[in-house]
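Numbering (our numbering), first residue to last: 3 to 105. Glycine included, each C-beta is placed from N, C-alpha and C at the ideal position. Report on the structure given below.
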Amino acid sequence: MSARSAISKDPEVREMGHVVVKYKVTMDQPEDGSPNYEEIASVISEFDEVQEVEIKPLAFGMMYIEVQAVLGEGEGIVDGFEDRVKQVDDLVGQIEALEMGRL
């Protein structure tokens, strides 16, 4: 319960917290060439919730995109963000939460 809820004693007055989530976004490999990591990272970086985007090496020449986002706590917010990232490009494969912490 937040301090405002406790003081007002009104159960309807609630402030939602925020969480910082660090994601590992991997790409499916196309039959020819490689994914355009820079373009995909650029689109993701435009999301309001995103604080940081970095392209990092994975293995055998493959890369992944590390995304740090601040999301509100609440039902469906994290899933909604992950779904938006998946819709950025058909080659977006898996999205894995590496770290999560409350602000």
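**Study point:** Secondary structure of valine 45, DSSP reduced to three states
**Key:** On the sequence shown, position 43 is the one that residue 45 refers to. Valine 45: helix per DSSP, three-state reduction.
Exercise for review: Kindly indicate which three-state DSSP category valine 90 falls into: helix, strand or coil?
Suggested key: Working through the sequence shown from its first residue, we reach residue 90 at position 88. DSSP places valine 90 in coil when its eight states are reduced to three.
Exercise for review: Compute the distance between the beta-carbons of isoleucine 79 and lysine 88, then report whether it is under 8 Å.
Suggested key: For the purposes of this step, residue 79 is identified with residue 77 of the sequence shown, where counting begins at 1. For the purposes of this step, residue 88 is identified with residue 86 of the sequence shown, where counting begins at 1. The answer is no: Cβ separation not under 8 Å.
Check your understanding: For arginine 104, which residues from the same chain have a beta carbon less than 7 Å from its beta carbon, with the 5 sequence-adjacent residues on both sides left out?
Key -> If you number the sequence shown from 1, residue 104 lands on position 102. Result list for arginine 104: Gly19 and Val21, in chain order.
**Study point:** Environment of methionine 29 [buried if 16+ CB atoms lie within 10 Å]
**Key:** As a first step, residue 29 must be located in the sequence shown, where it is residue number 27. Buried is the call here.
Review point. Exposed or buried, phenylalanine 83, counting other C-beta atoms within 10 Å across all chains shown (16 or more means buried)?
Key: Indexing the sequence shown from 1 puts residue 83 at position 81. With 16 or more other CB atoms across the displayed protein chains lying within 10 angstroms of its CB, phenylalanine 83 is buried.
Practice item. Please report how far the alpha carbon of glutamine 53 lies from the alpha carbon of glutamate 101, in whole angstroms. Key: Position 51 of the sequence shown, counting from 1, holds the residue named residue 53. Position 99 of the sequence shown, counting from 1, holds the residue named residue 101. So the alpha carbons of these two residues sit roughly 14 Å apart.
Check your understanding: In chain order, what residues of the same chain lie with their CB nearer than 6 Å to the CB of glycine 95, ignoring the 5 residues before and after it?
Key -> As a working mapping, residue 95 is identified with position 93 in the sequence shown. If we look at glycine 95 and ignore the five residues flanking it on each side, its Cβ neighbours are Thr28, Met29 and Asp30.
Check your understanding: Going by beta carbon distance, what residues of the same chain come within less than 8 Å of glutamate 40, once the five residues before and after it are set aside?
Key -> Sequence index remark: in the sequence shown, residue 40 carries index 38 (1-based). Cβ neighbours of glutamate 40 beyond the five flanking positions: Ile57.
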